[in-house]
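Structure record follows, encoded as structure tokens.
Protein chains: 2
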Amino acid sequence: MPHTSQRGQAMPESPIRKLVPLADKAKARGIKVYHLNIGQPDLKTPQVALDAIRNIDRTVLEYSPSDGIRSLKTKLAAYYHSFNIDVTEDDIIVTTGGSEAVNFAFMSCLDPGDEIIVPEPAYANYTAFAIAAGAIVKPVVSSIEEGFALPSVEKFEELITPKTKGILICNPNNPTGYLYTRSEMNKIRDLVKKYDLYLFSDEVYREFCYTGAPYISAFHLDGIEENVVLIDSVSKRYSMTGVRIGALVTKNKDVRKNVIKFCQARLSPPLLGQIASEAAMNTSAEYMLEMYNEYVERRKFLIDGLNRIPGVYSPIPMGAFYTVARLPIDDADKFCAWLLSDFEYEGYTVMMAPASGFYTVDGLGKDEVRIAYVLDKEDLKHALIVLGKALQAYPGRTI
Amino acid sequence: MPHTSQRGQAMPESPIRKLVPLADKAKARGIKVYHLNIGQPDLKTPQVALDAIRNIDRTVLEYSPSDGIRSLKTKLAAYYHSFNIDVTEDDIIVTTGGSEAVNFAFMSCLDPGDEIIVPEPAYANYTAFAIAAGAIVKPVVSSIEEGFALPSVEKFEELITPKTKGILICNPNNPTGYLYTRSEMNKIRDLVKKYDLYLFSDEVYREFCYTGAPYISAFHLDGIEENVVLIDSVSKRYSMTGVRIGALVTKNKDVRKNVIKFCQARLSPPLLGQIASEAAMNTSAEYMLEMYNEYVERRKFLIDGLNRIPGVYSPIPMGAFYTVARLPIDDADKFCAWLLSDFEYEGYTVMMAPASGFYTVDGLGKDEVRIAYVLDKEDLKHALIVLGKALQAYPGRTI
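Those protein sequence lines, which keep their order, are chains F and D. Residue numbering for the first sequence follows full-length UniProt numbering, starting at 1 and increasing by one per position. Residue numbering for the second sequence follows full-length UniProt numbering, starting at 1 and increasing by one per position.
Written as structure tokens, this is what we have:
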């Protein structure tokens, strides 16, 4: 039997999905599992998107252009303009989810051995796609004590080598919910300019900013227009993660030229998802506001509730729909597995993502979990009660 | 401006899609272009698949499991059984098109520098995905004179080095339409066994076999069950290339373990495409027979017509819906571009894929094109007339 690739072996398991088999077993035992592990909003997909699918009048579900349907790109450009992001249709390449945008960005910009600097904790799949591309993630660690603010410029500069090709940020941040300030974004801009780096900027949560502070896109930064590769997705803002439509946006023609070749190799992004996405761009302002208000309330509710559980601490996330919380436990991986395998409270348990998977530095995040607030308040309320009971019962508790 | 990746620069442009800008310009001039370049069937998608989309009753278009919806996998297993392919749901991983199955197969089995042997001409995107994975394609050249039969075992063995990790075949073949015989498949099996290689077997055209000869799947070969990685797609058999649903099928647990990690990184295959695909598996036998008969006729019609044009030669393809034909021209890349830029016959022209893109050996296929017979007979008839006229008018003609 031939041996498999070292690259494949080195790929991380998803911290968000690796516990799914245990969750399935818990469900098979009749236990109700609250999914706080995954960014799958429970909100209804906008009716206009569902209607576009239900009313589809095509008779052949055919390939679309490799870079996406033009009319979708036109709508995306108008959408970005509404955020003062000055791009044209030609700067936009439609991808199979934001995931593929990350993958193609790395493949197109980075060679094996190239390094990118990523503030951690970070979305685990950046590391996965870096490994796929043979690139190396150099982490700059942000800490829960400082609310996951951007580490100092000096910490970035310490990591810069001739191999450094880019910085990756996620803003608003998954998993921490942190929203970068203008001052922090300017620091990133200066670094990018000084060392002529790519700035990979994942901004899929831009609709989810809860403070008065403005959302600063990488495209709002002057003088690095050619360095920016923006990652986007319709998944979160229209509660339609399953359609698998995202976008890679860059003014850098050389990057686009490479990306298009990766696009051609996989032929086209999903047609039905593009149809749903184009329609979703007509979602009413009421839907968007209602969704926004719902997350504002859930956030307050979750963070208040978490911080009332003895020994638990969560900073207040300013965006996205996640928080990274510290728990009074020995090991979040063990705890999260135990919740599914050995615990129930009146027939319920909770599933969370151990934060260790969001750090590449060994040992970090050991007592932290990522919690997604994608359930309604009643479920969140009960999930918090279940979590509190679990923390009392867990053999590895530290208080 | 940071430089882009060498890998991205090395990626080939799709020979099937690279002429699209010229075709768009021709269309803008009011010229009707017959698309013989791309495997996009014109046949209607089965009504059951369209109905499943039109009647969708979900309110949230959510992530599916990373390896695909279980009920779809169950149907796929039953489908494979009908071809005497003995696999279970657990051996099947749903992918975003057959393209992703190729990509994940290479990423999971091959490391940078590893080699795979591929009979050429071959589907161009294998090379693209090999480059993405840092792997090296070693071509074994089959020739139009021999009807693109499998080259001798000796030619394979000459290429085997300690770096050789696998053989890739496409059966029935894209672009040649060749169908491997039992004897040829046994030779491949013996090589795979002798050198303990992976056998990557792309069998997406299995429904399209036009001779009495049986379709031999890689899974029909005894003693290499753990070596086989089968690539599949619903795109061609249900005329729904846009849904982007394929499958990677292997009994090799270690390979699956790696593949699943790549699946998790991209979260899930498209939900809507999976719903359409599951429904499509209930397509009536009548539809499948009608489609089959249609291709049988088109094939006869196209090949007869091609061989009647002076100086043109096409072998008779036994499967898929392509042929590689030799034309009396200096350079197929120039000719195919000229057809779109400089030629029209009564307002019509044809678009074909230059065969050079299906060879990795420089200079091969220079007077060959791939022609897809995915148009109805009336269009094919007229396209052949237009092609004949073009060959008379082309300045680089050789007769």
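Backbone N, C-alpha and C fix where the C-beta goes; we use that ideal spot for every residue, glycine too.
- Against chain F, the CB of Y198 of chain D has a partner CB under 9 Å away; the residue lies at that interface.
- L191 of chain F sits close to I167 of chain F, with the two beta carbons spaced by under 9 Å.
- Only those residues of the stretch 72-96 of chain F whose C-beta falls short of 9 Å from the nearest C-beta of chain D are listed: T96.
- Interface with chain F (9 Å Cβ-Cβ cutoff): P214 of chain D is excluded.
- Taking 9 Å as the cut-off, the beta carbon of R326 of chain D is found closer than this to the beta carbon of D367 of chain D.
- About 15 Å separates the Cβ atoms of I69 of chain D and Q264 of chain D, ruling out a contact at the 8 Å cut-off.
- Taking a contact to require three or more Cβ pairs closer than 8 Å, the stretch 37-47 of chain F and the stretch 294-313 of chain D do not qualify as touching.
- Taking C-alpha positions only, T95 of chain D is separated from D67 of chain D by approximately 7 Å.
- Under DSSP, R326 of chain D shares a beta bridge with D:Y313 and D:E368.
- Within the same chain, and ignoring the five residues on either side of V259 of chain D in sequence, the residues whose Cβ sits closer than 7 Å to its Cβ are I93, F104, S108 and L248.
- If one requires a minimum length of 3 residues, the beta strand (DSSP E) runs lying completely within the stretch 214-242 of chain F are 228-233, in chain order.
- Y394 of chain D sits in coil when the DSSP states are folded into three classes, being neither helix nor strand.
- Taking C-beta atoms as the reference points, I169 of chain F and V229 of chain F fail to come closer than 9 Å.
- Considering only beta carbons, the part of the stretch 226-243 of chain D lying closer than 9 Å to chain F consists of E226, N227, S235, Y238, S239, M240, T241, G242 and V243, in chain order.
- Under the DSSP definition of a beta bridge, P162 of chain F lacks any partner.
- Ranked by how close their Cα comes to the Cα of L110 of chain F, the residues D:A78, D:Q6 and D:N171 have D:Q6 in first place.
- Neighbours of G134 of chain F in chain D, taken as residues at a C-beta separation under 7 Å, are given in chain order as P112 and G134.
- Contact residues of the stretch 57-73 of chain D toward chain F are T59, V60, L61, E62, Y63, S64 and S66 (C-beta to C-beta distance below 7 Å).
- Close to K25 of chain F, with beta-carbon spacing below 7 Å, lies no residue of chain D; the smallest spacing is near 15 Å.
- Bridge partners of K138 of chain D according to DSSP: D:I117.
- Listed along chain F, the residues sitting closer than 7 Å to I53 of chain D by beta-carbon distance are I53, I56 and L272.
- Nearest C-alpha to K193 of chain F among F:D222, F:T181 and F:N173: F:D222.
- The criterion of a C-beta distance shorter than 9 Å is not satisfied by L76 of chain D and G242 of chain F.
- In this structure, F:F106 is the residue among F:F106, F:K138 and F:Y238 with its C-alpha nearest to the C-alpha of S201 of chain F.
- Along the stretch 263-294 of chain F, going in chain order, the ones with a CB nearer than 8 Å to a CB of chain D are Q264, A265, R266, L267, S268, P269, P270, L271, L272, G273 and A276.
- With respect to the 9 Å criterion, L72 of chain F and E278 of chain F are classified as neighbours on the basis of their beta carbons.
- Between P15 of chain F and A124 of chain F, the beta carbon gap of about 5 Å places them in contact (Cβ cut-off 8 Å).
- DSSP, read as helix, strand or coil, puts M291 of chain F in helix.
- Under the three-state reduction of DSSP output, K251 of chain F falls in the coil class, being neither helix nor strand.
- DSSP places H35 of chain F in the uninterrupted beta strand (DSSP E) bounded by K32 to H35.
- Look at A128 of chain F here: in three-state DSSP terms it is helix.
- Residues of chain F with a Cβ closer than 7 Å to the Cβ of N125 of chain D are, in chain order, A265.
- Distance between P315 of chain F and S142 of chain F, taken at the CA atoms: about 13 Å.
- Exposure of K253 of chain D is indicated by the presence of fewer than 16 other C-beta atoms within 10 angstroms of its C-beta.
- Assignment of V361 of chain F by DSSP, reduced to helix, strand and coil, places it in the coil class.
- Here Q392 of chain D is exposed: its Cβ has fewer than 16 other Cβ atoms, across all protein chains shown, within 10 Å.
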